[in-house]
Amino acid sequence: MIPHGRWLALLTILFIIFSPTADAQTGAQPPEPRFDFYARGPYRENVPRPETITRFEAGDFHTNYATMERVIERIAQAAPDRVRVTDIGETNEHRMMHLLAISSPENLRRLDGIKSNIARLSDPRGLAPDEARTLIASTPVVVWLSYTIHGNESASFEAMMQVVYQLAASNEPATLDILKDTVALVNVCSNPDGHERFVTWYNSFGIGNPDPAAAEHDEPWSVYGRVNHYRFDLNRDNIATSQVETRNMQRAYLEWNPQVFVDHHGQPSQFFFPPAALPINPNLPPEQTARWLTAFGRANAAQFDARGWDFYVRGVFDLFYPGYWDSWPSLNGATGMTYETDSGGWKGLRWKRDDETIVTMRSGIAKHFTASLTTLETAARNRDARLTDYYEFKRTAVEEGARDPIRRFVFSYAGDPGKAVEMAQILLRAGIEVKQSRGEFRSAKAHSYLEPNAAPTARTFPASTFVVDLAQPQKRLAKALLEPNTEQDAEFAREQLARYARNQRRGRSAPKEEYGFYDVTSWSLPLAFGVEAFWTEDAPDFPGSADRLVLPENATEKTGGAPTADSVAASNQHVVSPERIRAGALEGRASTAYIIPYDQDGAASLVARLLREDFKLAVATKPLNAGGRDYPRGTVVARVSRNSEALHQRIDALAREAGVAVWSVNTGFAERGDTGVGSETVVSLRRPRIIVVGDEPVSQLSYGAIWWTFDRYGVDFTPMTIDALKRTRLDAYNVIILPDGSPGRYFAALGKSGVDILRGWSERGGTLVCIKGAAVFAALKDVNLTSARLVGSDDEDDEKSGQKSDGTPTKQSSDATATTTTTTAPAQTTSETSTTDGASAQQSPTTARRGQRQRSPAATGETAEDARERQASGQTEKMEGAPPDLPPIASPSARPGKVPE
308 MIPHGRWLAL
318 LTILFIIFSP
328 TADAQTGAQP
338 PEPRFDFYAR
348 GPYRENVPRP
358 ETITRFEAGD
368 FHTNYATMER
378 VIERIAQAAP
388 DRVRVTDIGE
398 TNEHRMMHLL
408 AISSPENLRR
418 LDGIKSNIAR
428 LSDPRGLAPD
438 EARTLIASTP
448 VVVWLSYTIH
458 GNESASFEAM
468 MQVVYQLAAS
478 NEPATLDILK
488 DTVALVNVCS
498 NPDGHERFVT
508 WYNSFGIGNP
518 DPAAAEHDEP
528 WSVYGRVNHY
538 RFDLNRDNIA
548 TSQVETRNMQ
558 RAYLEWNPQV
568 FVDHHGQPSQ
578 FFFPPAALPI
588 NPNLPPEQTA
598 RWLTAFGRAN
608 AAQFDARGWD
618 FYVRGVFDLF
628 YPGYWDSWPS
638 LNGATGMTYE
648 TDSGGWKGLR
658 WKRDDETIVT
668 MRSGIAKHFT
678 ASLTTLETAA
688 RNRDARLTDY
698 YEFKRTAVEE
708 GARDPIRRFV
718 FSYAGDPGKA
728 VEMAQILLRA
738 GIEVKQSRGE
748 FRSAKAHSYL
758 EPNAAPTART
768 FPASTFVVDL
778 AQPQKRLAKA
788 LLEPNTEQDA
798 EFAREQLARY
808 ARNQRRGRSA
818 PKEEYGFYDV
828 TSWSLPLAFG
838 VEAFWTEDAP
848 DFPGSADRLV
858 LPENATEKTG
868 GAPTADSVAA
878 SNQHVVSPER
888 IRAGALEGRA
898 STAYIIPYDQ
908 DGAASLVARL
918 LREDFKLAVA
928 TKPLNAGGRD
938 YPRGTVVARV
948 SRNSEALHQR
958 IDALAREAGV
968 AVWSVNTGFA
978 ERGDTGVGSE
988 TVVSLRRPRI
998 IVVGDEPVSQ
1008 LSYGAIWWTF
1018 DRYGVDFTPM
1028 TIDALKRTRL
1038 DAYNVIILPD
1048 GSPGRYFAAL
1058 GKSGVDILRG
1068 WSERGGTLVC
1078 IKGAAVFAAL
1088 KDVNLTSARL
1098 VGSDDEDDEK
1108 SGQKSDGTPT
1118 KQSSDATATT
1128 TTTTAPAQTT
1138 SETSTTDGAS
1148 AQQSPTTARR
1158 GQRQRSPAAT
1168 GETAEDARER
1178 QASGQTEKME
1188 GAPPDLPPIA
1198 SPSARPGKVP
1208 E
């Protein structure tokens, strides 16, 4: 028992500890007002408020996806006169994506007519100006509100339910005006799978501790909710359309063709809304774009100013790369905008800023809620003008496409036909008109992508060439995706070059100015796909005719439930798919071997499928002659004598599916050279037994790109942590892949013992594949898993050794690349793995700002956007390192906390 005197002493100490001093009270943050989401009534009593279903108020907890679906369902059931729910497709984890159409009862009754009116305005060819004005006068403006494309930006998800309730339940005059003059399309969640991972993790142990060091602000590697199931950033996928969520959203978007589009994000230090930062994609009409971004920005600013909320405009978030969910809608004719709120997500329920003030998730929800409604009100007030400008955007696009220097884009099957088909499909998903010539045609002024500075030449293009004429309503998007080079804003480019020159003068060790590029700066589809492509200054008619291409799912006629080329030929449509490529066993049944040239992406798929079905394959390690043809080293051989009778049918069927030509050989006799199908230098391929390293320090984006690619090609693999790698008998595997990651963290995680294990395994015949930062790790002086050495570093002396003078790892992951030559068993080919920026569109190296305490993005999967949002908010990372001797140098246009690419 504690004596009475000691109790008094203990109570006195506690009183002193917890009693605020007068000085502390003077500068203390006033309590944050609890935002009232129900101040814009009166409300219809039959429509349930979200908290009556979730059983907690907005911002007090995170709502999971199933609970959100119950909220939406109950509101829609109670307000069928205002809300219509449409399912737009499933995710990889089989969650249904939903799009809500919310409007007045009168508008809901004529939704199909509204869609039809907008579709006519979207293609003004044949639409007289008087007809357009009549359509505009009777059509509400369509506003698309998209939430939670990054699953761990959770305030967006919660705000969506409050917006839906307001529109479904309120009889406030301003809300009724919104319903009368707009159709609000609410995409309830763009990334259900990522959001579910994040909220399940956070809800299980988050306590609302605002300390930035608290565990609830640091998602585990396997959780990382920003990205989707395959760890892709869906706000970069609008060009590649590789992910099912992107395809679902684009398909729904083009069904509606909205005039206003908002993508809701988080979490910088203050709220951001447009006008956007430079550069802005030059394919957008500058006056119209600036006018509408300013109009919506000023309207939001007035609401935020009235509430005393901080915000910024024209900073950080540009409108240049077409793959974002603000720039892609903009290039489709909408006013596309990004809104970034200041809380939720990794900031949790509460977050302490660098000035000791606290921001709550509820306040972040309130700001998104307010900005969403302000956007709808602004669109409603400007209904006629916004629809008119949308029509003008499309009309002038057709006119410009008929007279601009670039009139037509042309690409062909040459090289890899599968890539040409895939590129055509991407364009078609974007609503871009693509044709395929039935016969030869000619251009008098054609420019090759591979000779950008050469004079135009006359050129004849073969039958089946793909053609994109720019005299079409989607001209601006088509040109943005296909042009070989997109010009930067001249003033912006001069400023970046000036910064570069100043940085060069400062020398290696001095603090550097940051560059203004937000993210991706090059993307031309023909160059990315490596297809033979040209742009022409003319667009003459085809001597014969051209087929209008459609995606298989969009063909107007179907046979047996599946569209085919023959089934749509009568309507002058052709389905563009790999099956249209000349493929399969083209010379019939082979008696000796089948030859698979390994020069197309589809060949990798074919070989993987054959190995998976236990067919025996071999590979030529020297140039091969077979059946009278010459083939390069790396050609794959399927010997008839080594396989079952099933080979003949399966190789033909699988080759057709992959869009690959397979050549039949009926003799082992080589007409020339010393390598035929039976030679000693044609060695057996082993079925790959692959380890892909995951968890820290691997980039989730790099790991996800490998995972998605292997799933796409039917390749099995074993995910494995580094700890498991070090204790596993590796001889059961013949390939180990180290995805992109921090070189220093790879070294710390593996240690000398782990490096020795990898070296011994590779010397016994294993193939080690190292990507980007992992390739740098392999080339470090103390690792030495490759004879390759680093090149391209700013800090050349340090990079030669892979270390700074103080022994710490250099920032090689972002400043250098390495080529790693792996060691293989005699029964395998020697493989050279190069790190290239094109390895995956998902991988974005980042450089830490000098003196900034930061987790390696490669170790966490953090993208440049993540890092900018986190650093702008004042979040520091738990990593060793001392502050610099001098503060970072900044210019008036430098972005605080930005992590340059």
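FYI, in my numbering the residues of the sequence shown are 308 to 1208. Virtual Cβ for every residue (Gly too), placed ideally from N, Cα, C.
In this chain, the beta strand (DSSP E) harbouring S744 covers 742-744.
A direct Cα-to-Cα measurement between R605 and L591 gives close to 21 Å. A buried status is given to E523, since no fewer than 16 other beta-carbon atoms sit within 10 Å of its beta-carbon. Spatial neighbours of E503 in its own chain (CB-CB distance under 6 Å, excluding positions within 5 residues in sequence) are listed in chain order as Y372. Ranking N494, V1042, L918, A1081 by CA distance to the CA of E1070 puts V1042 first.
Runs of the beta strand (DSSP E) spanning 3 or more residues and lying entirely within the region 644-680 occur at 657-659, 665-667, in chain order. Assignment of K701 by DSSP, reduced to helix, strand and coil, places it in the helix class. Within the same chain, N545, I546, N588, W635, L638, L784, A787, L788, W830 come within 8 Å of P629 by CB-CB distance, once the 5 residues on both sides are set aside. Across the set L917, R957, N564, the C-alpha of N564 shows the shortest separation from the C-alpha of D419. In the displayed model, V827 falls within coil according to three-state DSSP, outside both helix and strand. The three-state reading of DSSP puts D711 in coil, since its state is none of H, G, I, E or B. Boundaries of the alpha helix (DSSP H) harbouring A800: 797-813, taken from the DSSP string. Around the Cβ of R362, a 10 Å sphere holds fewer than 16 other Cβ atoms; the residue is exposed. Residue E465 holds the alpha-carbon nearest to the alpha-carbon of M668 among A583, K923, T1016, E465.
Excluding five sequence positions before and after E460, the CB atoms of its chain that fall closer than 7 Å to its own CB belong to H572, G573, Q574, G651, G652, given in chain order. In the three-state reduction of the DSSP assignment, W1014 falls in the helix class, which pools H, G and I.
Shortest Cα-Cα distance from Y905 to any of G722, Q795, V1000, F344 involves G722. V947 is not a Cβ neighbour of Q907, given a cutoff of 8 Å. By alpha-carbon distance to Y509, the top candidate from H369, A475, R766 is H369. Bridge pairing for H572: E647 [DSSP].
Around the C-beta of I456, 16 or more other C-beta atoms lie within 10 Å, and the residue is accordingly described as buried. Contact between T1028 and G1001 holds, with the beta-carbon distance rounding to 6 Å and staying under 8 Å.
For V471, the enclosing alpha helix (DSSP H) covers residues 461-476. No Cβ-Cβ contact shorter than 8 Å links A704 with N607. The three-state reading of DSSP puts W616 in coil, since its state is none of H, G, I, E or B. Distances from the alpha-carbon of D1047 to those of A1055, E1003, V1090 put E1003 closest. Burial state of I733 is buried, judged by a 10 Å Cβ sphere holding 16 or more other Cβ atoms. A Cβ-Cβ distance of about 17 Å is found for the pair Y537 and Q557, leaving them out of contact under the 8 Å criterion. A609 is classed as exposed because its beta carbon has fewer than 16 other beta carbons within 10 Å across all chains shown. If you look at V390, you'll find it in the beta strand (DSSP E) that goes 390-397. In the three-state DSSP reduction, R783 falls in the helix class (H, G or I). Assigned with DSSP and collapsed to three states, L483 falls in helix. A direct Cα-Cα distance of roughly 11 Å separates G1051 from V1005. Taking A770 as reference, the option from E790, I888, L1097 with the minimal CA-CA separation is I888. Take R916, set aside five residues on each side of it, and the residues of its chain with a beta-carbon closer than 6 Å to its own are L961, G1021, in chain order. In the assembly as shown, Q743 is a buried residue. Its beta-carbon has 16 or more other beta-carbons within 10 Å.
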